[in-house]
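Taking the working numbering, I'd label the letters of the sequence shown as residues 109 to 1038.
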Amino acid sequence: MRLQVTRRTRLLAGSAFGAVALLALAGTASAQSAPGPQDDETELGEVVVTGIRSSIESSIASKRTETSIVEVVTAEDIGKLPDVSIAESLARLPGLTAQRLDGRGQVISIRGLAPDFTTALLNGREQVSAGDNRGVEFDQYPSELLGSVMVYKTPDAALIGQGLAGTADLRTIRPLEYGRQALALNARYEWNDYGALNSGTEDTGQRVSVSFIDQFMDDTLGVVLGYAHMSTPYQAERFNAWGYPDVGGNLLIGGAKPYVQSSELVRDGYMATIEYRPNDRWHSTFDAFYSEFDNTQILRGVEFPLAWGGSAGACPGAITVCRPAPALRPGFTVENGMIVAGTFDNVKGVVRNDGNRRTAELASVGWANEFMIDDNWSATLDLSYSKADRTDTVLETNAGTGRNVTGALDSLTFRTTPEGTTFTSLLNYADPNLILLTSAQGWGGGVYPSGIEGGQDGFINSPSTVDELQSVRLDVGGDIQAGPFSRLEFGMNITDREKELSLERYYLSLTANRADPLHNTSVPVPSQFLLAPTNLDFLGIGPVISYDPFALVASGIYQLLAPQDDNLLAFGWSVQETVTTTYVMGDIDTELFGMPVTGNAGVQFVHTEQSSDGRAAAGNPATPVPVSGGDSYNEVLPSLNLNFEVRDDLYVRLGLAREMARPRMDQMRASVNVDFNQGRVTSTDVNNSPWGGSGGNPELRPWIANAADISIEKYFGRRGYVSLALFYKDLESYVYDQQTLTDFTGFPYEGTTAPVLRQGFLSKPQNGEGGMIQGAEFAVSLPFDLFWQPLEGFGMTFSASYTDSDIVSNPGNPSQPLPGLSETVSNLTVYYERDGFQARISNRYRSEFLGELSGVGTDRIQRMVDAESVVDAQIGYEFQSGPAEGLSVLFQVNNLTDEQFKTFENNDARRVIDYQQYGRTFLAGVNYRF
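In structure tokens, the structure reads:
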């Protein structure tokens, strides 16, 4: 264990407290409050606005009164955040972006850093994640049950669980503060203009929610209850390329795996808050949240091995014993070093009917009690617990014209464009007499357990995660008069967290083929599972055979055979963390040269104990052995936030902080996969060793950055503002993968010849030093009647940010940028709201970035994602009088321009790996508030 107090830490702490000392010398002993926001609210108290303008004004008021640099999104009304998902609402804030997953925003990046660098809180309490790591998947939280979201771009010492990029605090309504009874009902019907792309799937859905707020016992007891249900279908046309090898000096598509995808996401969310304040000495708040999440996807398509497709059997030889490799006919078309059109012969496609399903449960409870010790000092005790339990099922089933060398071959004419590759085929892939359940390519063939006789007929991956966190927090604070400080606060937070990942994996092997001594049997799809063919018109192929893959597996037509290799047996892990955070912070309220100054200065002392349990395994079959490891360390995190009120409507904010982000949890795993290359057993060169592998590092330390922020903000009452912010993060420590020389003595090897070497290189995460992130953010939110009264009701919000980084996330690959970093991000919303009518159109843009995507099975891979510009629109009307008062109707279109999701390789946009389109989603709904 060691105390991390570096020279940069001392300089940062010295700068922070030096600034406070200057305030103490120049300020007055009796601080004056900044009157700006309160005066504006008084002046505008008789102006009543609702809907979009109300949301914007509430967000501006919250941003203005905060001492930190923050961004805020506020619900237009009870159960009505501006977008259908939290991630999409947050992605409209300056410096924030969302990464789309299957067309919907799921995770957010702040200031160019990946989602793992952002911490999510619920009512100020750190939350677990249903994902594999720390990044919270925001679609677990129904937007209808939230009142606002506060995003902290600069931390203060009292902000527990802060992230290096930022901290998003999801907040529910406080009933006593709300102060009146309300009942809100919302219902929406939705559909996609693609319809149901897959047979047997849904193409319409609905969302309903109800929220109730009331106060009892002379307004000493308040209750909020909420329920939100969502059943939403979404579609995708997905092209995927294997890659583009060099063939005779020209690039050529190596293979393709296109699908049409139909999904249905069902989520039920429940929320409750009980607030009790019987007197001025005790205030108690209990929060509970629970979410059930079920996402089912059906994917159907044909996988075509092309330039990378090989031969099989006794080749060269007769067609009965040899399946020749795909061959490119002469006469193909070349453009700029890429073969963009031609015909492949000897193609044997693998027809895929796949299914993915994710079920997750997320529960969170918290109980806070504030006690007045005397008339000045108070203490707050907060207890919280959250747990996420998730199971994925990734199912692949294969079909084709026959097993391995048997069956008809196809000729494919192809055309490659920046939108992917389209094909024209000769075979009818919808014919159930031609397309049989089988292993068309014989992939994974061998003798069990090292392979499957006749090849794999399918595959099941089923990883599960359990993430559990409990914490206790004690805060004490009171008003003081000590130089520039007006209040002192100190406290302690203890958090215990454990995350566990486990995996079940099975090969599918047809029972009939296992009974065949030659293992050359294919089986027609049983008629009771057949569905109408699914069209692959976007690909040019036409219809393809369709069946229910889940029902087929459940019928017992396959045997499920568990692999015994090191990839499975060393896959699982658990990581445990105990984090003790103590802090002290002083609120600043003073004057500097006659200028009101507010803010805070403080420091956190963070002690971490971490450990991991896992398994190390080598070979196939493998014999795993338990492994474990861990570490403990301390960090000191000073912070300073200053808010200079230059004028009543002009603020300059300064933030200095030492920030920390803990490593990804899979990087902290103890598990190790060991590889052995029998062909190198006689090598004496460690760089050509037969040993290798990959694993985690339970001793991994956090990312550390010294950060400086400045923001200039001009407000127009509480109706509008314009701001310019600059930020700089100097990374003191970061995490990257490094090849580490390792002794593999004791691990089994293949064959009868012992290797000369027992050492080799193991790839594992390590801590590096150096690098920076810097950027600028501009934002403006203005109602147009500030300039010309006839434009009352019209307005706009706009933000743009630029972020630059020289961090080498992997020194072995310096050309790879920092994950999640888009250099340019912009958001624009133009709206009109008056006399009950409202309309808006929004656009969010982000430049290309390195995204995290699903790879083979359940693996995660990183790939360049092309720039995207997503447009949404909404119109609505609210009845403001008469018998329908409180009723509003709305119509929304998401992804109005059907923006594609595109990834590519080697920084060459022509080499398209993924090209996906999701269609437009339409929603029509009603809201009623009593």
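The beta-carbon is built from N, C-alpha and C at its ideal position, and this holds for glycine as well. Just so it is clear, the structure is predicted and the values come from calculations on it, not from any experiment.
Sub-7 Å separation of residue i and residue j beta-carbons
i, j, result
"T529", "A364", "yes"
"Y844", "G868", "no"
"F531", "L520", "yes"
"D376", "E400", "yes"
"S909", "G203", "yes"
"N306", "T790", "no"
"Y342", "N461", "no"
"N951", "L936", "yes"
"T690", "F658", "no"
"P732", "A725", "yes"
"G457", "V410", "yes"
"G599", "D583", "yes"
"P704", "E743", "no"
"N545", "V633", "One detail in the question is off: residue 545 reads as Leu in this sequence, not Asn. Yes. Within cutoff."
"A304", "V355", "no"
"G883", "F835", "yes"
"G804", "V782", "no"
Rounded distance between the beta-carbons of residue j and residue i, thought under 8 Å
i, j, result
"G274", "I218", "4 Å"
"V332", "T381", "4 Å"
"A468", "Q207", "Their Cβ separation, rounded to whole angstroms, is 19 Å, which puts A468 and Q207 out of contact at 8 Å."
"V1020", "A349", "6 Å"
"A538", "I653", "5 Å"
"R431", "V513", "4 Å"
Backbone secondary structure at residue i - three-state DSSP
i, result
"L198", "helix"
"V155", "The predicted position of V155 is uncertain, since its pLDDT is 37 and thus under 50; a value taken from the coordinates is nonetheless stated next. V155: coil per DSSP, three-state reduction."
"A620", "helix"
"Q589", "strand"
"G994", "coil"
"P863", "coil"
"Y352", "coil"
"V1020", "strand"
"G308", "coil"
"E165", "helix"
"I268", "coil"
"P632", "coil"
"G330", "strand"
"G650", "strand"
"M773", "coil"
"D943", "coil"
"F225", "helix"
"G1027", "coil"
"N795", "helix"
Close beta carbons around residue i, own chain, < 6 Å, minus the five adjacent residues each side
i, result
"Y953", "S934 and S977"
"T328", "R385 and P386"
"A833", "S819 and E885"
"V574", "D497 and E608"
"N1035", "N294 and S996"
"D1022", "N348 and T1011"
"T853", "R866"
"N621", "G562, H627 and T629"
"G239", "E245"
"H337", "V316 and D376"
Residues near residue i by beta carbon distance below 7 Å, same chain, minus five either side
i, result
"T861", "V789"
"Y302", "Q343 and G1027"
"A127", "For A127, the pLDDT reaches just 41, beneath the cut-off of 50, and the residue's location in the model is therefore unreliable, leaving the point undetermined."
"A829", "The amino acid at residue 829 is misidentified as Ala; the sequence shows Tyr. Cβ neighbours of Y829 beyond the five flanking positions: I168, E821, K822, Y823 and S889."
"N601", "I268, S579, R581 and T689"
"A199", "T205, A206, G213, I216 and R952"
"Y759", "N751, F752, E753 and E821"
Residue i - partner residues in DSSP beta bridges
i, result
"V705", "T698 and F752"
"C430", "G421"
"G876", "Y842"
"E900", "Beta-bridge pairing links E900 to no other residue."
"G828", "F824"
Sequence-distant residues of the same chain with beta carbon closer than 8 Å to residue i, five excluded per side
i, result
"P806", "V683, Q718, S719, S720, S736, G737, G738, D739, M776, R777 and A778"
"Y664", "The question names Tyr, but residue 664 in the sequence shown is Gly. Around G664: T619."
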